[in-house]
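With full-length UniProt numbering, the residue at position 13 of the sequence shown is 13, and numbering never jumps.
A virtual CB, placed ideally from N, CA and C, is assigned to each residue, including glycine.
Step one of this worksheet: look at the structure below.
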Amino acid sequence: MKSILSAKSFRILGLATLLLSGQACKDILDEKVISSIGNDYVNTPKGFEDAVRASYAPLRSFYGTQQGLTMTEYGTDLYATGADGGYKGFHFYDTQLNSFVDFLQNVWEELYRGINTCNSVIERAPTATVSDAVKKLRVAEAKFLRAHYYFILLQQWGGVDLRLTETLAPTKKTSRATEADVYKAILSDLESAAPDLDPKIRSADYGRATKAAAEHLLARVYLTKATSSAKAADDYAKAATYATNVINNYGFKLVSDFANVFAQGAGEISDEVIFAVQYTSDPLTNASTPPVANSGGNTGGNNLHLFFGMQYDVQAGMVRDIFYGRPFKRLRPTAYCLETVFKDRVNDSRYKKTFRDTWLSNNPGTYNTAFDNSKKTVTFKAGDTAIYIPGVEWTLAQRAAKPYQVLVPSAYNEALFPTLQKFFDPLRPDRTYEQGSRDYLAFRLAETYLILAEAQLKQGKTTEATTAINVVRRRAAWPGKETAMEITSAQMDMEMIYQERGRELLGEQTRWMDLKRWGNLVERVKLYNPQAAPNVRDIHNLRPIPQTQIDRTEKNADGSPGFAQNPGY
1 MKSILSAKSF
11 RILGLATLLL
21 SGQACKDILD
31 EKVISSIGND
41 YVNTPKGFED
51 AVRASYAPLR
61 SFYGTQQGLT
71 MTEYGTDLYA
81 TGADGGYKGF
91 HFYDTQLNSF
101 VDFLQNVWEE
111 LYRGINTCNS
121 VIERAPTATV
131 SDAVKKLRVA
141 EAKFLRAHYY
151 FILLQQWGGV
161 DLRLTETLAP
171 TKKTSRATEA
181 DVYKAILSDL
191 ESAAPDLDPK
201 IRSADYGRAT
211 KAAAEHLLAR
221 VYLTKATSSA
231 KAADDYAKAA
241 TYATNVINNY
251 GFKLVSDFAN
261 VFAQGAGEIS
271 DEVIFAVQYT
281 SDPLTNASTP
291 PVANSGGNTG
301 GNNLHLFFGM
311 QYDVQAGMVR
321 DIFYGRPFKR
331 LRPTAYCLET
341 VFKDRVNDSR
351 YKKTFRDTWL
361 SNNPGTYNTA
371 FDNSKKTVTF
381 KAGDTAIYIP
391 GVEWTLAQRA
401 AKPYQVLVPS
411 AYNEALFPTL
421 QKFFDPLRPD
431 RTYEQGSRDY
441 LAFRLAETYL
451 ILAEAQLKQG
461 KTTEATTAIN
471 VVRRRAAWPG
481 KETAMEITSA
491 QMDMEMIYQE
501 RGRELLGEQT
511 RWMDLKRWGN
521 LVERVKLYNP
531 QAAPNVRDIH
541 NLRPIPQTQI
551 DRTEKNADGS
561 PGFAQNPGY
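Rendered as structure tokens:
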């Protein structure tokens with residue numbers, strides 16, 4: 001069921017509480033409320049429910065979108081730039097990454113829009129004409145979402161404007177809270193919300209926040225706080241406790257085959273999924289949030305299917321189709337990702353199940369070869385193998401023996417590379433369609449085990465950490481290789497965590513924030529991402545504050561900006 005962000009709910013975006021957010025207007029002095037909905041609408045039974053539903057909408061400005069992907073996977077140790085697309089400053093860490101980038105402004109404004117809607121729900125609940133039980137549950141949802149939005153803001157920008165009451169009119173008075181204050185607000189929201197959220201892993205209204213989702217997010221927050229300026233001695237212990245709760249108390253279990261974790265349809269609602277951001281095929285629901293001109297892929301829906309594909313569609317025997325997708329070539333895996341993280345392919349099935357390595361001809365005929373110099377021409381019937389990526393070097397003779405083109409690592413480039421297949425969407429209506437209808441799996445149980453393993457390792461509980469990580473590794477094993485996939489306590493260290501999160505969560509909008517959390521963004525980008533190595537510096541552990549935010553804030557008495565830019569931008 002996808003009711004939380006259905007087309008009906010999206011029509012609520014004219015709601016007064018959304019339009020009154022001073023954080024999101026383009027010109028804070030000229031803002032006009034154009035909605036005919038009265039300001040007291042939220043107090044009515046329908047208005048209160050509509051406001052809660054609208055509180056979920058900003059999740060879709062970050063998860064399953066190019067702008068969210070750009071801010072979380074570009075310029076890491078695992079992904080470098082592909083041949084096409086803009087926003088390459090996030091890959092290169094050069095002057096293109098600045099305070100005027102519209103993706104930064106869009107995400108900032110949408111998250112604050114969501115925060116203000118959550119504030120309105122929380123503040124107006126006492127006078128809303130709904131039952132006490134409904135109030136309690138919906139306020140808990142709003143607190144979960146407010147914490148979630150602030151956690152994204154905190155990880156990307158550091159201390160931000162902390163607004164915990166509803167903004168009812170435009171204002172130029174903003175300020176930057178400390179990291180400690182923002183963490184305090186996030187944890188207060190989550191810890192008060194969790195007991196009041198639905199304890200079932202899938203409520204009747206699927207897509208809403210649950211108690212398990214709040215506890216998973218608490219585990220993430222404490223794990224992240226443990227390496228921040230606000231760190232406390234018990235952060236890792238609390239992260240482990242909440243992760244253990246999620247694992248033990250709700251009946252979640254790993255999907256038996258890693259290949260099915262992202263299977264379209266049933267894979268989106270499985271016993272492994274703790275929290276999913278809802279998408280549908282409805283064109284109104286899938287409208288870009290917010291609309292972005294010339295965005296090169298920010299077209300609405302869960303459109304991650306666009307960004308990881310290689311340029312298969314101009315190769316011999318191939319033409320673009322729905323199944324193989326529309327390849328925007330935005331990200332290609334680094335050599336470190338392929339050769340180190342995914343090195344084990346004998347015991348570990350995740351290389352084969354993560355990357356597409358075979359394309360069958362959908363355009364039969366005889367063609368000249370392009371990237372495979374072992375033969376001059378190739379001839380295909382429909383359904384013949386046209387392209388194969390073995391993942392290792394083959395000799396000229398090995399390639400010549402095959403009737404198709406073989407793409408070997410020495411021939412990889414920004415257009416041709418192993419293609420992440422987690423997000424493909426073959427249910428799109430035609431081959432040019434950019435939007436997607438798949439849910440985005442924001443929290444899943446495999447990550448909960450990895451959080452637990454890291455938190456235990458940091459507490460010196462190496463044996464327990466090894467047990468936790470081996471649960472994930474056994475699931476990833478080829479049949480009969482489960483024992484070979486288990487590691488010993490002697491092998492359990494942070495390098496194992498770095499690599500295991502890469503193998504399990506590749507492309508899932510976590511890596512940049514992981515590197516920042518570990519304190520090794522600069523080190524690992526310099527080691528493993530040659531494109532970004534010349535420019536990446538410590539300042540890149542934070543994003544530039546959007547210039548619109550600085551310009552809209554009242555200046556200090558001495559004329560300096562009232563909202564300080566992050567250092568180095």
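Under 8 Å Cβ to Cβ from L515, same chain only, skipping five residues before and after it: list those, please.
T76, D77, L521, R524 and V525
Kindly provide the ranges of any alpha helix (DSSP H) runs that are 4 or more residues long and lie completely inside the stretch 456-488, ordered along the chain.
462-476 and 482-485
Mind checking V319: buried by the 16 CB within 10 Å criterion, or exposed?
exposed
Can at least three beta-carbon pairs, one atom from the stretch 556-566 and one from the stretch 100-120, be found at a separation below 8 Å?
In short, these stretches do not touch, since the Cβ pair count stays below three.
Can you list, in chain order, the residues of its chain whose CB lies under 7 Å from that of T129, leaving out five sequence neighbours each side?
N43, T44 and P45
Can you list, in chain order, the stretches of the beta strand (DSSP E) that have 3 or more residues and sit fully within the stretch 66-91?
79-81
Starting from F380, follow its DSSP beta bridges and name the residues at the other end.
As a beta-bridge residue in DSSP terms, F380 pairs with G365.
On the CB-based measure, 16 or more other CB atoms within 10 Å of its CB, does F308 come out buried or exposed?
buried
DSSP bridge partner residues for P333 (one or two, in chain order):
Y79
So Y149 is in the alpha helix (DSSP H); what residue range does that whole segment cover?
D132 to W157
Thinking C-alpha only, which one of A54, V52, Q66 and R53 is nearest E434?
Q66
Between A213, H216, E215 and A239, which lies nearest to K225 when the distance is taken from Cα to Cα?
A239
Tell me which residue opens and which closes the beta strand (DSSP E) that T227 is part of.
Element bounds for T227: n/a, residue is neither H nor E.
In three-state DSSP terms, what is A446?
It is helical.
Give the secondary structure of F103 by DSSP, where H, G and I count as helix, E and B as strand, and everything else as coil.
Helix.
V52 - DSSP class collapsed to helix/strand/coil:
helix
Hey, V277 and Y112 are a contact pair by Cβ (cut 8 Å); roughly how many whole angstroms apart?
At roughly 18 Å, the Cβ-Cβ gap does not stay under 8 Å, so V277 and Y112 are not in contact.
Length at least 3, wholly inside the stretch 238-275: the beta strand (DSSP E) runs in chain order:
none
So, E191 versus A230, is the Cβ gap smaller than 7 Å?
no
Are three or more beta carbon pairs between the stretch 354-369 and the stretch 419-427 nearer than 8 Å?
yes
Beta-carbon contacts of A564 that lie in its chain and below 7 Å, excluding the five residues immediately before and after
R176
How long is the line joining the alpha carbons of R517 and K376, rounded to whole angstroms?
50 Å
Going along the chain, which residues of its own chain have a beta-carbon closer than 6 Å to the beta-carbon of V255, five neighbours each way excluded?
V261, S270 and E272
Three-pair Cβ contact test at 8 Å for the stretch 542-551 versus the stretch 95-112
They touch, by the three-pair rule.
Identify the residues that DSSP records as bridge partners of D348: which are they?
A477
Could you name the residues that DSSP lists as bridge partners for T210?
D198
Under 8 Å: do the stretch 395-413 and the stretch 344-351 share three or more Cβ pairs, one atom per stretch?
no
Is it true that the CB of A83 sits closer than 7 Å to the CB of K329?
yes
What is the DSSP secondary structure of I387, reduced to helix, strand or coil?
Per DSSP, reduced to three states, the secondary structure at I387 is strand.
How far does the alpha helix (DSSP H) with T548 in it extend, from its first residue to its last?
Counting along the chain, T548 sits inside the alpha helix (DSSP H) bounded by residues Q547 to R552.
Quick check on R60: buried or exposed, where buried means 16 or more other Cβ atoms within 10 Å of its Cβ?
Per the 10 Å Cβ criterion, buried.
Pick from Q156, G265 and V346 that is closest to S281, judged by C-alpha positions
G265
Under 7 Å between C-beta atoms of L223 and A209:
no
Label D235 either buried or exposed according to how many other C-beta atoms from any shown protein chain fall within 10 Å of its C-beta, with 16 as the threshold for buried.
buried
Length of the line joining the Cα atoms of T81 and L97
14 Å
Just to confirm my understanding: we take P426, look at its own chain, exclude 5 residues before and 5 after, and list those with CB closer than 6 Å. What are they?
I322 and F323
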